[in-house]
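What follows is a set of notes on a single structure, which appears directly below.
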Amino acid sequence: PTAPGPAAALLQALGLRDAPRGAPKPRPVPPLMWRLFRRRDPQEARAKLRWTPPGATLRPCHVEELGVAGNIVRHIPDRGAQARTPKPTMTAGQCPEWTIDFDLSAVEPAELPSRARLELRFEAAEAKAGAAPGWELSVAPAVEGVGTGPVLLRQAVAALETPVHAELLGAAWAWNASAPRSLCLALALRPQAPGACAHLAEASLLLVTLDPRLCHPLARPRR
Amino acid sequence: EAEPAVGGGPSSACRARRLYVSFREVGWHRWVIAPRGFLANYCQGQCSLPATLPGPGGPPALNHAVLRALMHSAVPSAAGLPCCVPARLSPISVLFFDNSDNVVLRHYEDMVVDECGCR
Chain A
1 PTAPGPAAAL LQALGLRDAP RGAPKPRPVP PLMWRLFRRR DPQEARAKLR
51 WTPPGATLRP CHVEELGVAG NIVRHIPDRG AQARTPKPTM TAGQCPEWTI
101 DFDLSAVEPA ELPSRARLEL RFEAAEAKAG AAPGWELSVA PAVEGVGTGP
151 VLLRQAVAAL ETPVHAELLG AAWAWNASAP RSLCLALALR PQAPGACAHL
201 AEASLLLVTL DPRLCHPLAR PRR
Chain B
1 EAEPAVGGGP SSACRARRLY VSFREVGWHR WVIAPRGFLA NYCQGQCSLP
51 ATLPGPGGPP ALNHAVLRAL MHSAVPSAAG LPCCVPARLS PISVLFFDNS
101 DNVVLRHYED MVVDECGCR
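Quick mapping for you: the protein sequence lines, in order, are chains A and B.
Take 1 as the starting number for the first sequence in our numbering and just add one per residue.
Take 1 as the starting number for the second sequence in our numbering and just add one per residue.
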C-alpha cells in the first residue's frame, strides 16, 4: 500500500515508488554489498570505520570500489534458481546448459547502467586423473519458447574454486541502453579436455546504474 | 527525535539543531537493512546581528545577509531578517531489500545538514 502523509513524501524524496514489503524470506546480504555500504556511508565513516584515507573525499555518483559512475547498486539473484535441477542429466559426451533469469523490473528507464557483472558459483567437478584443467564459459540469450540465440560471450575459466565473473555490458547488453525488464541467459561450461562436468550452484547479477535525477552537477570550487 | 525549537535568548542564534530520523519510527525497519536511521538535523535560530556575522571557523557570511540584518536593526519594519538555512550538507547511503528480493544500495546527496548559515 502507498504510505500516507510524510512517509510518502520521504519515500518520494528517496526516489522510491512505494515502500517495499520487505524480503519475503530474509536472505543474507552479500559481503560485497556490506563493503560498498560501509565504504560509502559517511555516518559509518564518522564511526571511524572508513577505509579511505582521512581527508579524501568520495566523488558523488561514483562507485569507487567498482570504478564506475553510479548511485544505485543492485545485487539481483537468479529467479530460476529454485527450478534448476540439482544434478542435471547429461546427454552422452555433453555437459549441461543452464538457463538463468534476472528480474530487472525495479530498474527505472531513467537509470543508465554502468556495470553489469555476472557472478557464477560452480560446485567443484570431480576432476578426472590426468584431465587438463580449464573450462570455457559461453553465454547466449535464452528466449522463452524460441530457445537459445547466438553466443554473445565466450570466456576462458582457469579454476572453479572462486566465483567466475563475466562482464555483460557491451556483450549481452548494449552500452547506453536502458535496462530490459528481464534478462534471460543460457550458460554452458565446457571442460577444455574431456572430463567431468561442473554444476552451477548459484548465479547473481551485480548491476550498477546512474540515476541522473539524484545527482547534482559537481559544484565548482569557489574561484 | 528533534531538539526542541528555541524561542528568544542567546542560544537562539542560527545553527544546526539535532534531528534524528529513525527508520523504525517510520515503519521501514523490515526492508531497510542499514542504517537504522540517520542524523538529518535542521537549521533554526535568529539571523540578527551579531549572529549573522561569521564566527571563527564558521561559514562565510554573504554580504547581503549582513546588509539585511543591518537594515532590520535600523528600520525593523522595512526589511525582515535573513533566513537561517543549510550552508553545508552531506550524503547518506541506504541498503535495503526491494520488492523483487534484490539487495539494493542507493546513495543520496545532500541529506544531512552539517552547517547552517544566514542567507
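Quick reminder that beta carbons are idealized off the backbone N, C-alpha and C, glycines included.
Cβ neighbour criterion (16 or more within 10 Å) applied to residue i
i: G117/B; result: buried
i: A16/B; result: buried
i: Q192/A; result: exposed
i: T89/A; result: Low confidence applies here, because T89/A scores a pLDDT of 47, under 50, leaving its location unreliable; read the following figure in that light. Exposed.
i: T52/A; result: The predicted model places T52/A with a pLDDT of 44, which falls under 50 and marks its position as unreliable; any figure quoted below should be read in that light. The residue is exposed, with fewer than 16 neighbouring Cβ atoms inside 10 Å.
i: Q12/A; result: exposed
i: H64/B; result: exposed
i: D18/A; result: exposed
i: L185/A; result: buried
i: L53/B; result: exposed
i: E111/A; result: buried
i: A116/A; result: buried
7 Å Cβ cut-off: residues of chain A touching residue i
i: A34/B; result: F37
i: H107/B; result: R40 and N71
i: V75/B; result: The contacting residues do not exist; V75/B stays about 32 Å from chain A at best.
C-alpha gap between residue i and residue j, whole angstroms
i: I100/A; j: E119/A; result: 11 Å
i: V104/B; j: V151/A; result: 30 Å
i: L207/A; j: A159/A; result: 24 Å
i: P194/A; j: L137/A; result: 15 Å
i: Q46/B; j: N176/A; result: 49 Å
i: P50/B; j: W28/B; result: 43 Å
i: E167/A; j: S48/B; result: 58 Å
i: V21/B; j: G70/A; result: 25 Å
i: S12/B; j: E109/B; result: 28 Å
i: F23/B; j: N99/B; result: 17 Å
i: V75/B; j: P91/B; result: 40 Å
i: V164/A; j: C14/B; result: 55 Å
i: V146/A; j: H62/A; result: 39 Å
i: G80/A; j: R88/B; result: 47 Å
i: E144/A; j: W98/A; result: 13 Å
i: L189/A; j: F122/A; result: 10 Å
i: A203/A; j: A172/A; result: 16 Å
i: R106/B; j: Q94/A; result: 43 Å
i: L153/A; j: L200/A; result: 18 Å
i: P109/A; j: R119/B; result: 38 Å
i: A156/A; j: G15/A; result: 40 Å
i: L210/A; j: C83/B; result: 34 Å
i: C43/B; j: R68/B; result: 19 Å
i: G37/B; j: E25/B; result: 9 Å
i: Y111/B; j: L187/A; result: The displayed chain sequence assigns Met, not Tyr, to residue 111/B. Their backbone Cα atoms lie some 42 Å apart in a straight line.
i: K87/A; j: E64/A; result: Since pLDDT at K87/A reaches only 47, below the 50 mark, its modelled position is unreliable, and no value is offered.
i: P141/A; j: A8/A; result: 39 Å
i: R74/A; j: N102/B; result: 6 Å
i: S77/B; j: S178/A; result: 56 Å
i: R18/B; j: P86/B; result: 13 Å
i: W34/A; j: P180/A; result: 26 Å
Partners in chain B for residue i, counting only beta-carbon separations shorter than 7 Å
i: D103/A; result: S100
i: L183/A; result: Result: empty, since nearest Cβ-Cβ is about 12 Å, beyond 7 Å.
Partners in chain A for residue i, counting only beta-carbon separations shorter than 8 Å
i: L95/B; result: V29, M33, W34 and F37
Segment limits, alpha helix (DSSP H) that includes residue i
i: P6/A; result: G5 to A13
i: S73/B; result: N63 to A74
Interface residues of chain B facing residue i [CB-CB closer than 8 Å]
i: H165/A; result: What H165/A touches in chain B: nothing, since even the nearest Cβ is about 17 Å away.
i: I100/A; result: Near I100/A there are no residues of chain B at all, since even the closest Cβ is about 15 Å away, more than 8 Å.
i: A106/A; result: D98, N99, S100, N102 and V104
i: L14/A; result: V94, R106 and Y108
i: P113/A; result: What P113/A touches in chain B: nothing, since even the nearest Cβ is about 14 Å away.
i: P77/A; result: D101 and N102
i: P20/A; result: W31, F96, F97, D98 and N99
i: L169/A; result: Result: empty, since nearest Cβ-Cβ is about 18 Å, beyond 8 Å.
Endpoints, the beta strand (DSSP E) within which residue i is located
i: W34/A; result: Premise fails: W34/A lies in the alpha helix (DSSP H), P31 to R40, not in any beta strand (DSSP E).
i: R106/B; result: V103 to C118
i: E136/A; result: W135 to V143
i: R74/A; result: I72 to P77
i: R24/B; result: Careful: R24/B lies outside any beta strand (DSSP E), inside the alpha helix (DSSP H) at F23 to V26.
i: E119/A; result: L112 to E123
i: S100/B; result: Neither: S100/B is in no beta strand (DSSP E) and is coded neither H nor E.
i: T99/A; result: E97 to D103
i: V157/A; result: L153 to V157
Partners in chain A for residue i, counting only beta-carbon separations shorter than 9 Å
i: V113/B; result: Here the premise fails: no neighbours, minimum Cβ distance about 13 Å.
i: V85/B; result: Result: empty, since nearest Cβ-Cβ is about 16 Å, beyond 9 Å.
i: V66/B; result: Chain A residues near V66/B: none, gap ~18 Å exceeds 9 Å.
Per-residue contacts from residue i into chain B (C-beta, under 9 Å)
i: H199/A; result: Ordered by position in chain B, no residue passes the 9 Å Cβ test against H199/A, which lies about 23 Å from the chain.
i: A7/A; result: V26, G27 and W28
i: R121/A; result: The contacting residues do not exist; R121/A stays about 16 Å from chain B at best.
Checklist entry - Can at least three beta-carbon pairs, one atom from the stretch 29–41 of chain A and one from the stretch 2–19 of chain A, be found at a separation below 8 Å? => result Taking 8 Å as the limit for Cβ pairs, the verdict is that the stretch 2–19 of chain A does not touch the stretch 29–41 of chain A.
Checklist entry - Is there contact here, the stretch 80–99 of chain B with the stretch 29–42 of chain B, by at least three beta-carbon pairs under 8 Å? => result yes
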